[in-house]
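Engineer: One structure is given below, represented as structure tokens, and several questions about it will come after.
2 protein chains.
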Amino acid sequence: MADDWAFLERIYKLLRDEDVLATSPEASVVDFKFPDELARIIDVSLDTKVSRTADEAEEICRLVLRYSVKTGHRYFCNQLFGGCDVYGLAGAWITDALNTSQYTFEVAPVFTLIEDTIIRKCLELFNFSEGDGIFSPGGSMSNMYAMILARFKVNPKFKCMGMFGSPPLVAFTSQDAHYSLKKAAHWMGIGLNNLEVVESDERGRMCPEALKKAIVRVKEEGRRPFFVNATAGTTVLGAFDDINALADVCQEAGVWLHLDACLGGTAILSEKHKNLLRGSERLNSLAWNPHKTLGAPLQCSILIVSGEKNLLHKCNCANADYLFQQDKFYDISYDTGDKSFQCGRKVDSFKVWLMLKVRGVNELGLKVDNAMEMSQYLTNRLKSNSTFRLVLDEFQYTNICFWYIPKSMRGQEETQEWWNTLYKVAPLIKEKMVKKGSMMVGFCPLPHKNVGNFFRMVITCYPTLTRNDVDCFIAEIEQFGDSLDFPL
Amino acid sequence: MADDWAFLERIYKLLRDEDVLATSPEASVVDFKFPDELARIIDVSLDTKVSRTADEAEEICRLVLRYSVKTGHRYFCNQLFGGCDVYGLAGAWITDALNTSQYTFEVAPVFTLIEDTIIRKCLELFNFSEGDGIFSPGGSMSNMYAMILARFKVNPKFKCMGMFGSPPLVAFTSQDAHYSLKKAAHWMGIGLNNLEVVESDERGRMCPEALKKAIVRVKEEGRRPFFVNATAGTTVLGAFDDINALADVCQEAGVWLHLDACLGGTAILSEKHKNLLRGSERLNSLAWNPHKTLGAPLQCSILIVSGEKNLLHKCNCANADYLFQQDKFYDISYDTGDKSFQCGRKVDSFKVWLMLKVRGVNELGLKVDNAMEMSQYLTNRLKSNSTFRLVLDEFQYTNICFWYIPKSMRGQEETQEWWNTLYKVAPLIKEKMVKKGSMMVGFCPLPHKNVGNFFRMVITCYPTLTRNDVDCFIAEIEQFGDSLDFPL
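Quick note, the sequences are listed as chains L and Y, same order.
One point on numbering: in the working numbering, the residue at position 328 of the first sequence is 339, and numbering is uninterrupted.
One point on numbering: in the working numbering, the residue at position 355 of the second sequence is 366, and numbering is uninterrupted.
Spelled out as structure tokens, the structure:
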């Protein structure tokens, strides 16, 4: 047992000494190896008859750290998550060590109070007058929870009867929304054809008029609209749908309005930017992932539901006798596990609670402000530099989408061929970037806007970036771009 | 940044000094407080304008630890999980700190190889000749994955069309199976009425004959059988269904056979006990949770699927352009994230990989053997002691179910009234136990067997228990029982 703590101390020191949070100036984001090379460096195979020493175990861990991506590096701008808040990380370590499940007060007394506190705090932040909520293992799951609730609300009998006799139920989402809605439509037995993909405008915001027409059309076809998914902070362009306009449409049509604020929900913490979420009090449900740009370590996703306090429970309960015994000696309304889909449920609430408890909304809000300011600064710098072209002229959020234009292409006529060549640039620069290991930025196309590959740089709250960092980003990409060999 | 590491070091020391793994002989399992008392001791509320020091943050964490349940305590026998393997815990800390998502090779190179290795190891252990697999956030989710695959296999068109026009699909499970099947039937739009609950025998094993009849009846009713859920290690009685007998029925009927081995799958590591899973090579899919008795920290659940390597992908893919770009510079078959329901997916594979890498199957198998031996020893001791009554005479697995019989009730005629009184005993002893904090054992009724509350004691692989521990359990329960006030 003393050995256990000694080994954990080694792991602590290893993480620190190997600089996994990539805080030193000379740290790399990644030391990239192709799969077969990596397999030669780290023997991942498993034998039946071994018993390794703590020294050997530590050595294995060192290799794992060395060849893993340092998502905490300031130049890791590749995903919607990145560095983590130290209180978030401390919270994760604590819940790992306590190793309990968030289903009964009996085995998670403190965490039961904490989850409830966060749920109520979120209801307050997003102006839901009353309601309930739950932590789930990620945004896809939170969005599916919302769709399940909307279906239950339409007809609670689906829970017992299934949907076989029913006219098709139809959900609506936008062209720019996250693909998790597709997966939910599939899993719930609704089908991709009953997920209507509504047109979005040039900035990626769902068009309320198009939604309205789609709902009318679907009704005319004898199908039943039941759920609209709006987005706050779309995956690629960072667009915020107009909640009020969509709520007008949904209210008239009697359809559940959910907001996928997995990315953009974090703006609610900022006094300056929370207006991005105006109208949230009119939503039926909202999903928010503090594990995205806010820096709670993965996984940390919360769904809140407006109205009737008991809806989540009524919808999801299965009344398992062995877990939710009715004859306990404490108030069993504190046993919240029957409102979730999961049985055993990792404690995800504590890390974000600890962040909020220690820093307060105000300090976290200032970190959001800084990420927004640096994103705006990046946008402005790219706009004024003929080497780059923004995908959107207007600034929206902390995802910045742009092209790098190689020297020989600047000032040329922008024919389709010119564009097709440009679309090859981002993958090539990305390859150079990863092989050097100095930074990581994602790229993607946007087929429904008829545009090919561009960079999507994401600026997160941790670590705190400066203008100098942003200048360095730009210089680094220019350098990679200069070194491209033509023809591509 | 140096501050971050300093704070994490404090947390390490706090966890050690507060003895969260409850390794010292005088440690309590829990210092129980009712919700309102606890809320007075720990101020869980969140303010907007604060900024606490590291000292204050540490103090908050200390309180959280102090009033949380020590599931690592040797006398925490309350759930199907308990203490954790130190390599599992180290693995969890490492993946928290690296904070990445298991969806692309790009951001999780080492973990991609590791997840693949574990999947292949599981296919080998359970004798699946070929196939695929995925880690999911818990057994309920793994079971739903299997049901989704079975539905896709029946008719891949459901993915696009939904199930609205279809004759009802019917899944089968047993009376003793886990409630997650109900939740999956609800979420998938199949409905609880289309989940046929098949009779199980006196030990809790599904009756193959009853399954056969149920399938015939369902077909006659014009409904379509598509999925049978068998169980290896039922939640309460620890029963293992006869895989071969059920496979005969399923093969004849052309129905997918899934094994919920979330609990019992761990037996595969033991040379002595792996025969509990004989017939596993005939399954279509299997779910196993190393986070149950094996001691990988929550969450760690794996689903494996037999046959066609590409089925998970074909079933679940949504081809998101921004994540699974086709023009990357490495072999994109290493990007495995489109076969999962989740988008961002916590790395759950590393902790169990590290346990297996360091200890090997053999050492972990010996821990399973010890848990089984102690469970058998407990069973034998209870059998030979008139103070106790076993729910099942025959030993099955590491869940031991029994009643404590108070002195004044011993040797009396066992009328219904006698039994009804007996059913009140476990909750009362449990209350005393929790308030003292010396041990925790769950209780539950089994309504479909017409029996009321009994204790379900679960013996896990960590920490390693001895006969002396088992003797202490029994003595402690006897002491609580002796102190009951009559009439109950």
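Beta carbons are placed, not taken as given, at the ideal position from N, Cα and C, and that holds for glycine.
Since we're looking at a predicted model, the values are computed, not measured.
In the stretch 335-356 of chain Y, which residues sit with their C-beta less than 8 Å from some C-beta in chain L, listed in chain order?
Structural biologist: Listed by position, the residues of the stretch 335-356 of chain Y near chain L (Cβ gap below 8 Å) are Q336, D338, K339, F340, Y341, D342, Y345, F352, Q353, C354, G355 and R356.
Engineer: Could you check how far apart the C-beta atoms of L:C273 and L:N295 are, in whole angstroms? I think they sit under 8 Å.
Structural biologist: Wrong, their Cβ atoms sit about 16 Å apart, outside the cutoff.
Engineer: To the nearest angstrom, report how far apart Y:S291 and Y:P219 are at their CA atoms.
Structural biologist: Spanning the two alpha carbons is a distance of roughly 16 Å.
Engineer: Using DSSP with H/G/I as helix, E/B as strand and the rest coil, what is Y:S291?
Structural biologist: Reduced to three states, the DSSP call for Y:S291 is helix.
Engineer: Going straight from the alpha carbon of Y:H284 to that of Y:S312, what length do you get?
Structural biologist: Near 21 Å, if we compare the C-alpha coordinates of Y:S312 and Y:H284.
Engineer: Taking L:N373 as the query, report the chain Y residues whose CB atoms sit under 8 Å from its CB, ordered along the chain.
Structural biologist: T59, K60, V61 and S62, listed in chain order.
Engineer: Pick helix, strand or coil for Y:I145, following the three-state DSSP scheme.
Structural biologist: Residue state, collapsed to three classes: strand.
Engineer: Express the C-alpha separation of L:R63 and L:H189 in angstroms, rounding to a whole number.
Structural biologist: L:H189 and L:R63: Cα-Cα distance of roughly 44 Å.
Engineer: Using only the alpha-carbon positions, how far apart do Y:V316 and L:F361 sit?
Structural biologist: Rounded to whole angstroms, Y:V316 to L:F361 spans 34 Å at the Cα level.
Engineer: Say whether chain L places a C-beta atom closer than 8 Å to the C-beta of Y:N381.
Structural biologist: It does not: the Cβ of Y:N381 has no partner Cβ on chain L nearer than 8 Å.
Engineer: Could you tell me which uninterrupted alpha helix (DSSP H) segments, each at least 4 residues in length, are contained entirely in the stretch 176-229 of chain L, listed from first to last along the chain?
Structural biologist: Those alpha helix (DSSP H) runs which fall completely within the stretch 176-229 of chain L and span 4+ residues are 191-198.
Engineer: What's the C-alpha gap between L:L401 and L:K394?
Structural biologist: Approximately 7 Å between the Cα atoms of the pair.
Engineer: Can we say the stretch 151-163 of chain L touches the stretch 234-243 of chain L, given the rule of at least three CB pairs closer than 8 Å?
Structural biologist: In short, these stretches touch, since the Cβ pair count reaches three.
Engineer: Under the rule that 16 or more other beta-carbon atoms within 10 Å means buried, what is L:N477, buried or exposed?
Structural biologist: The amino acid at residue 477 of chain L is misidentified as Asn; the sequence shows Thr. The residue is exposed, with fewer than 16 neighbouring Cβ atoms inside 10 Å.
Engineer: Which residue or residues does DSSP assign as beta-bridge partners of Y:F465?
Structural biologist: Looking at the DSSP assignment, Y:F465 forms a beta bridge with Y:C455.
Engineer: Excluding sequence positions up to five away, which residues of its chain have a Cβ less than 6 Å from the Cβ of Y:K435?
Structural biologist: Cβ within range, chain order: L499.
Engineer: Excluding five sequence neighbours on each side, which residues of the same chain lie with their C-beta closer than 8 Å to the C-beta of Y:A437?
Structural biologist: Result list for Y:A437: W414, Y415, F454, N464, F465 and F466, in chain order.
Engineer: Kindly list, in the order they appear in chain L, the residues whose Cβ is closer than 9 Å to that of Y:A264.
Structural biologist: Those do not exist, as Y:A264 stays about 20 Å from chain L at its closest Cβ, beyond 9 Å.
Engineer: In chain order, which continuous runs of the alpha helix (DSSP H) of length 4 or greater are located wholly inside the stretch 39-120 of chain L?
Structural biologist: Complete alpha helix (DSSP H) runs here, min 4: 46-52, 65-77 and 97-109.
Engineer: For L:S317, which three-state DSSP category applies?
Structural biologist: Residue state, collapsed to three classes: strand.
Engineer: Taking Y:A17 as part of the alpha helix (DSSP H), name the residues at either end of that continuous run.
Structural biologist: From DSSP, the alpha helix (DSSP H) with Y:A17 extends over A13 to D28.
Engineer: Does the structure place the stretch 61-77 of chain Y close enough to the stretch 135-146 of chain L that three or more beta carbon pairs sit under 8 Å?
Structural biologist: Segments in contact, no.
Engineer: Measure how close the beta-carbons of Y:A298 and Y:D271 come, nearest whole angstrom, since I'm counting them as under 8 Å.
Structural biologist: Their Cβ separation, rounded to whole angstroms, is 6 Å, which keeps Y:A298 and Y:D271 in contact under 8 Å.
Engineer: Quick one: complete beta strand (DSSP E) runs, 3+ long, within the stretch 373-424 of chain L?
Structural biologist: DSSP runs (the beta strand (DSSP E)) wholly in the stretch 373-424 of chain L: 399-401 and 410-415.
Engineer: Could you tell me whether the stretch 92-110 of chain L touches the stretch 378-395 of chain Y, where touching means 3 or more Cβ pairs closer than 8 Å?
Structural biologist: The stretch 92-110 of chain L vs the stretch 378-395 of chain Y: no contact.
Engineer: Could you please tell me which residues of the stretch 452-486 of chain L, in chain order, have their CB closer than 9 Å to any CB of chain Y?
Structural biologist: Cβ contacts with chain Y come from G453, F454, C455, P456, L457, P458, N464, R467 and P474.
Engineer: Going along chain Y, which residues have a C-beta under 9 Å from L:F92?
Structural biologist: Those are N110, T111, S112 and G355, listed as they occur along chain Y.
Engineer: Going by C-alpha to C-alpha distance, which of L:E428, L:N166 and L:Q427 sits closest to L:L322?
Structural biologist: Out of L:E428, L:N166 and L:Q427, L:N166 has the C-alpha closest to the C-alpha of L:L322.
Engineer: Tell me, please, whether the CB atom of Y:M174 is closer than 8 Å to any CB atom in chain L?
Structural biologist: Taking Cβ atoms only, chain L reaches closer than 8 Å to Y:M174, which makes this a yes.
Engineer: Does DSSP put Y:A272 in a helix, a strand or coil?
Structural biologist: In the structure shown, Y:A272 sits in coil (DSSP, three-state: anything other than H, G, I, E or B).
Engineer: Please list, in chain order, all residues of the same chain as Y:R73 whose beta carbon is under 8 Å from its beta carbon, the five residues on each side excluded.
Structural biologist: So the qualifying residues of the chain are L25 and E29.
Engineer: Between the beta-carbon of L:S153 and the beta-carbon of L:L19, is there less than 8 Å?
Structural biologist: For L:S153 and L:L19, no; Cβs fall outside 8 Å.
Engineer: If you draw a straight line from the alpha carbon of L:F214 to that of Y:V181, how long is it in whole angstroms?
Structural biologist: Reading off the sequence shown, one finds Arg at residue 214 of chain L, where the question assumed Phe. Looking at the two C-alpha atoms, the distance is approximately 45 Å.
Engineer: For a quick check, are the C-beta atoms of Y:L222 and Y:L257 less than 8 Å apart?
Structural biologist: Yes, the Cβ-Cβ distance between Y:L222 and Y:L257 is below 8 Å.
Engineer: Distance cutoff 8 Å, beta carbons only. Does L:R543 sit that close to anything in chain Y?
Structural biologist: The structure shown does not extend to residue 543 of chain L, since chain L is modelled only from 12 through 499, so no value can be given for it.
Engineer: Taking the CB atoms as reference points, tell me whether Y:T500 and Y:I485 lie closer together than 8 Å.
Structural biologist: A question about residue 500 of chain Y goes unanswered here, because the residues of chain Y that appear run from 12 up to 499.
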